[in-house]
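Taken in order, these protein sequences are the chains called A and B.
To convert, count from 1 in the first sequence and add 18; that's this note's numbering.
To convert, count from 1 in the second sequence and add 65; that's this note's numbering.
Working notes, structure below.
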Amino acid sequence: MSDPVALVDAQRVLGLFAQGIGGRYLHLKPTQSLGGSFRPQSVTTDGAAIFLPEQVDLFETRRDNLGFYRIAVLHQIGLIEAGTYAFTLETARERIPGLPAERPRLGDAGVGLARFFGLWPQPSLMRLLFMLCEDLRIDRRIARLYPGARSDLARAMRHALAQRPAFETLSLRAARLEALLRYTLGVPRAAACEALQALDPHGPLPAMLDALDALEPRCADVYDSAQAALRCYRLVAGLAAIETDEDPDASDPGQRSSSAAPAPPGPGQATPDEDEPVDDYPDIEFRGEVMPELVQRQMRAAQIEAQLANAGVGSIDPQQVTDQGERQMRRQLEADRVALYRAFGHLDAGSRSFLIDEWDFHGQRYLRGWCRLFERRLKGEDFEFIDRVRQRHGALARRIKRQFMSMRPESYRRERPVRDGEQLEIDALVEQVVRRRTGQPPDDRVYMRRERGQREVACALLLDMSASTDYPVPQPTSAGEDTAADTTNGRQDPAEEEDPYLWAAQRSPDDIAAEQPEPRRVIDVARESLALMCEALDTLGDSHAVYGFSGYGRDEVEFYVAKEFTEKLGARSWAAIAQMKPRRSTRMGAAIRHASAKLRAHEARTRLLIVISDGFPEDHDYGPDRNDHEYGIQDTALALREAERDGVRTFCVTVDRAGRDYLRRMCEPDRYMVIDEIEELPEALTKVYRAMTR
Amino acid sequence: MIAQTLPPNDEGHALRNEPWYLPQRDEIALFDAAYAARLPVLLKGPTGCGKTRFVEHMAWRLYRQQRSARRQLDIPLLTVACHEDLTATDLVGRHLLAGDQTVWMDGPLTRAVRSGAICYLDEVVEARKDTTVVVHALSDHRRLLPIEKTGELLDAHPDFLLVISYNPGYQSVLKDLKPSTRQRFVSIEFDYPAPEQEAMIIAHESGAEPQLAQTLARIGLMVRNLKEHGFEEGVSTRLLVYAAQLTVGGIEPRRACDVAIARAVTDDRDVQQAIAEIVDIVLP
């Protein structure tokens, strides 16, 4: 009987564990979610996320199965921390003399490790040997730094050893590699040699194991691994050459141990055929199948993105130089993205992700960790947005502010009786005199004090940023027409767009409607309403946050943060609100659950969540059938009820005139509002807010 | 006088023995220089990183060392832990009713001003706004304390020094020092010490073996990586010392870390478990 651990259950703890150990946030995701050729049971990383099996059921106890996850995470963090991905070919050349020159190639050669592997006729053999050395180095480091993890490590190694193929089933080269690998899994040197003795009596294994000795010292780094891998490579590849075609170059044994140029023949001979595939070589589960050259690409791409994002801010380079450098960077970025996309499918770096439950109305059960929600910060550069809002809505802004001012609690409340204050409290004084006359112990609280009243309200504004908010606001003249149907039926189908990944890479959604001056869209009015609300709430002194949500599918719920409770309202918040743009679908339940969790983490007496939407909850996989709106409505209804249960008061405002139908079923009777004219939104929000915090 | 029989409501500190303090940077020299010029000092830093201990240590250096001219002062340091109901009168003093008469009783600030002690207002942002204004006249060249209730205008004793502390990370938006207050002080910033130093502190304060102290310092570093999850600040040096003290007292180290660290910094079960996992792999 075993007691498996599911990633869904362990994900948050493991994520925090990884952040504590590694000092930075890493997504943890199921390997199954990868688009590449990864086995679902394997572990891997793209540099921003660690991919883990959905479930671990290798050992009997839950504790031991969790221990497997721990070791897998530690190993991946170890690769990052111990500098595997910091490898550069330039440093390698300084440290390892006699590396051959790079062969010219078309296109982008990739980053450090890819170039290093590419130096050899058999790049995949070199990669395998290099990762073997790195895995050994990292596991030793884990055992040294985390003594409490040694038993987990030993258990994972024992398990891995038990899964290894028998030598007899392998080719000679594979058997040599296998013996080397077993050594890295803790098989003693003598035993490893002995096991291979019958098959390969005078083989290179002892010399290969000697090479690994260089990884013993504490200070061994990635270049020591590269050098050890190189020695092993020469031994393995060199011998293969002798055995097959009696390569005269390779038969000179003196050359092997020296640091002279390696065996590889000239560029002409290095055909891909020579690179005997090693990919079918079974991986060690807890070490995973890591492609370090791709991780380096991911890291470079992230770095370039950050540089591009920062460019223009404080950049003093002349225009031309910047442009040229930028073009070069963009080309590199594009190359990296394509390479990564081929290997991993969709990537999402630089934002946090959360697993959120969903209510399956048909099955009447919760789907645990069903949705993956990505939390992203909105950053904008439109610093004039707020001035435009103030100009356009000057009178309205003043009116709203005035209304909010009238909500201010009495600026002062009287505290009485107290030991100290501005005025004597006559009643208490009389009482005190009486007590003294009657010989009772005195009570010196005879003053009255004015205290500034405090409002303890925290309000989260959650805006639907679905594609339909891109629709123009109907002109007041055509108010009679029923535009609601258009809004809901006419949604853009995101599936019809280009591949979302490339789409995001090539054109930012900001470009879509930026140029056309008018007409005003639903999102414009919503954004302006939010801005007015924020300004009013700021005068009132209530803490508030502005979030938006959209997404496409359960694996990509997007949650945008324009302003957090803890931030001051300032230029950055305004620019972020201006950046709220129409995106994709409306998976409302997950967004409400996440917003409610954020609200609960914020200390306040009254917590308020106002959802502003323009249609019913909808996503392509929100329910078994795309046209089945009931599933989404039921999930949203339950998410709202959960929030109420947890002490968050909720309110839904919709600008969808057909909204009454479904809002009636989603919300409590006094917890929703349908507004006919979107221009009424600012004042509607004000009313709602006043009613809710009274 | 009845006032003398009333217990003082602050923590006067006689400082007979030298409080141990391990300098992080040049804060001792800075404080010495600030004291020499009688410049008020603001200590910024997260909770439990050693601000209070530093003030105690400095008070001992300035008032209790062999060659100090101020050795005769009974209470060289008056500490007031500020809270949101702390009023100006709590600091300055008040009239108390005692039997048939009203008795004036000096608050801790007034006593320090009169006697020439150091007055340390801990977590000063927690106090009501009017409280911080009281110290304005004291913290510039005037060095005056106006006592409104008695009409007295008190000149500060030449040895008097005002020290305040505040924690910028904690609820910084809701509570912040006014610029007019902040700009009267020399600001010395504190953070949790580097792991090697923190290990020395833990070992010294708890009597733990250096090995255990180093491990706890590493745990501290890792737990601080989680600080935005459910708790506002990382685990304090103080809590790490507690964990060491419990271990020295015979509690199993993992259990000691559980009660002194994981459960002390957060109520979030997942974060607690993540901390427990970190502790588990780092401890032997």
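Built from N, CA and C at the ideal position, the CB exists for glycine as well.
The structure presented is a predicted model; accordingly, all values stated were derived computationally and were not measured.
- With contacts defined as CB atoms closer than 8 Å, residue 372 of chain A and residue 391 of chain A qualify as a contacting pair.
- When only Cα atoms are considered, residue 171 of chain A and residue 86 of chain A end up about 8 Å apart.
- Of all residues in the stretch 325-338 of chain B, those with a C-beta nearer than 7 Å to a C-beta of chain A are 335, 336, 338, reading in chain order.
- One alpha carbon belongs to residue 452 of chain A, the other to residue 146 of chain B, and they sit about 36 Å apart.
- Within chain A, no residue has its beta carbon less than 8 Å from that of residue 265 of chain B; the closest one is some 20 Å off.
- For residue 105 of chain B, the closest alpha carbon among the candidates B:312, B:252, B:113 is that of B:252.
- For residue 374 of chain A, the closest C-alpha among the options A:381, A:488, A:389 is that of A:389.
- Listed in chain order, the non-local C-beta contacts of residue 612 of chain A below 7 Å within the same chain comprise 372, 374, 391, 577, local neighbours out to five positions each way being set aside.
- Of the candidates A:79, A:92, A:78, A:74, A:92 places its Cα closest to the Cα of residue 63 of chain A.
- Of all residues in the stretch 135-168 of chain B, those with a C-beta nearer than 7 Å to a C-beta of chain A are 152, 154, 159, 161, 162, reading in chain order.
- The CB of residue 438 of chain A comes closer than 7 Å to the CB of 152, 154, 159 in chain B, given here in chain order.
- Contiguous alpha helix (DSSP H) elements confined to the stretch 395-423 of chain A occur at 403-410, taking only those with 4 or more residues.
- When A:571, A:619, A:624, A:589 are compared, the shortest CA-CA separation from residue 606 of chain A is found for A:571.
- Taking a C-beta cut-off of 8 Å against chain B, none of the residues of the stretch 633-651 of chain A qualify.
- Taking C-alpha positions only, residue 131 of chain A is separated from residue 675 of chain A by approximately 58 Å.
- Contacts between residue 179 of chain A and chain B, judged by CB atoms closer than 8 Å, are missing: the closest CB pair is about 22 Å apart.
- In this structure, residue 87 of chain B lies away from residue 343 of chain B, with their beta-carbon atoms at least 8 Å apart.
- Across the set A:224, A:454, A:246, the C-alpha of A:246 shows the shortest separation from the C-alpha of residue 232 of chain A.
- In this structure, DSSP gives residue 132 of chain B a state outside helix and strand, which the three-state scheme calls coil.
- Around the beta carbon of residue 444 of chain A, fewer than 16 other beta carbons sit within 10 angstroms, so the residue counts as exposed.
- The three-state reading of DSSP puts residue 215 of chain B in coil, since its state is none of H, G, I, E or B.
- Every alpha helix (DSSP H) stretch that sits fully inside the stretch 96-183 of chain B and reaches 4 residues is listed by chain position as 116-128, 153-157, 173-180.
- C-alpha of residue 648 of chain A to C-alpha of residue 305 of chain B: approximately 53 Å in a straight line.
- Between the stretch 148-166 of chain A and the stretch 326-338 of chain B there are fewer than three C-beta pairs closer than 8 Å, too few to call the two in contact.
- When the Cα atoms are used, residue 110 of chain A and residue 317 of chain A turn out to be separated by approximately 19 Å.
- With contacts defined as CB atoms closer than 8 Å, residue 705 of chain A and residue 557 of chain A fail to qualify as a contacting pair.
- For residue 224 of chain A, the enclosing alpha helix (DSSP H) covers residues 223-230.
- Using a Cβ-Cβ distance cut-off of 8 Å, the stretch 692-702 of chain A and the stretch 657-675 of chain A are in contact, since at least three pairs of beta carbons, one from each stretch, lie closer than that value.
- Note that the C-beta distance between residue 113 of chain B and residue 301 of chain B is below 8 Å.
- Secondary structure of residue 711 of chain A (DSSP, three-state): helix.
- The C-alpha of residue 449 of chain A is placed about 10 Å away from the C-alpha of residue 456 of chain A.
- DSSP places residue 592 of chain A in the helix class (H, G or I) of the three-state scheme.
- Between residue 180 of chain B and residue 222 of chain B a beta carbon distance of about 6 Å is seen, short of the 8 Å cut, so the two are scored as contacting.
- Within chain B, the C-beta atoms nearer than 9 Å to that of residue 167 of chain A come from 345, 346, 347, in chain order.
- By the 16-neighbour rule on beta-carbons within 10 angstroms, residue 584 of chain A is exposed.
- Within the same chain, and ignoring the five residues on either side of residue 177 of chain A in sequence, the residues whose Cβ sits closer than 7 Å to its Cβ are 76.
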